[in-house]
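Enquirer: Handing you a structure now.
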Amino acid sequence: MADIFELVLTLDLRDELSEDELAELRWHLGLGPRPEVLRIVTEFPFVDEDEDGAPVIENDPQPLLGDHGEAFKVDGALLSVLLRREHTRSGAWALTSRQEIHPDQFDVTGRLLGWLASKTGDCHRRFDGGVDLGWTRFHESRRTEPLVVRDGVVAWPS
């Protein structure tokens, strides 16, 4: 059995993103090329083996929300979209992403989600200081859990 979760983001971002931030966000969403310098998420640890079989930690930058196409475990499609809002309601950018995520990816993806939470419109802010970004669910379940960031840290499912 695979420990795969559905991750769904539905949020509005304020109009304070720099061109560098937008370029990196687009890359993470699978919507553009990788920038030369990564500033939002800078470390992508990947464990490999050297020629003697000893573990070696390498940095392997990968888009964190960049899968597009058929889902493997959760039915439906995986996608990410970032649109400039024409009629600003609660933010200047609309972002939607549906991805499959393994718990091994929670830490690095959480860094991106913590950054996104700091850029959301006020409508995503909760009374307790948390920020609603969307929801998660285990791939074999139909019950969703809110995806909340508090103080820059994602409350991942246990």
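Under the numbering used here, the first residue of the sequence shown is numbered 258, with each subsequent residue one higher. The C-beta atom is built at its ideal place from N, Cα and C for all residues, glycine as well. Small disclaimer: the values here were computed from a predicted structure and weren't measured.
1) Decide yes or no for the touch test of the segment 262-271 against the segment 300-309: beta carbon pairs closer than 8 Å, at least 3 of them.
2) Can you give the Cα-Cα distance for F376 and D385, rounded to whole angstroms?
3) Have a look at Q319 and P290 and give me their C-alpha separation to the nearest angstrom.
4) Kindly indicate which three-state DSSP category F329 falls into: helix, strand or coil?
5) Enumerate in chain order the residues of its own chain whose CB-to-CB distance from V265 is below 6 Å, with the five nearest sequence positions on each side excluded.
6) Here's the rule I'm using: 16 or more other beta-carbon atoms within 10 Å means buried, otherwise exposed. How should A280 be labelled?
7) Whose CA, out of H325, A412, H344, lies closest to the CA of G367?
8) Can you give me the C-alpha to C-alpha distance between R399 and I358, rounded to a whole angstrom?
9) Judging by CA-CA distance, which residue of H344, F329, V406, R394 is the nearest neighbour of L370?
10) Using alpha carbons as the reference points, say which of Q362, W372, R383, A311 lies closest to D317.
11) With a 10 Å radius around its C-beta and 16 neighbouring C-beta atoms as the bar for buried, classify S337 as buried or exposed.
12) Where T353 and R342 are concerned, what is the direct C-alpha to C-alpha distance, given to the nearest angstrom?
13) Using the beta-carbon count (16 or more within 10 Å), is H285 buried or exposed?
Expert: In terms of the structure at hand:
1) no
2) The identity of residue 376 in the sequence shown is Lys, whereas the question assumes Phe. Distance between the alpha carbons of K376 and D385: 17 Å.
3) 11 Å
4) Of the three classes helix, strand and coil, the one that applies to F329 here is coil, per DSSP.
5) R355, G391, W392
6) buried
7) A412
8) 16 Å
9) V406
10) Closest option to D317, Cα to Cα, is Q362.
11) buried
12) 13 Å
13) buried
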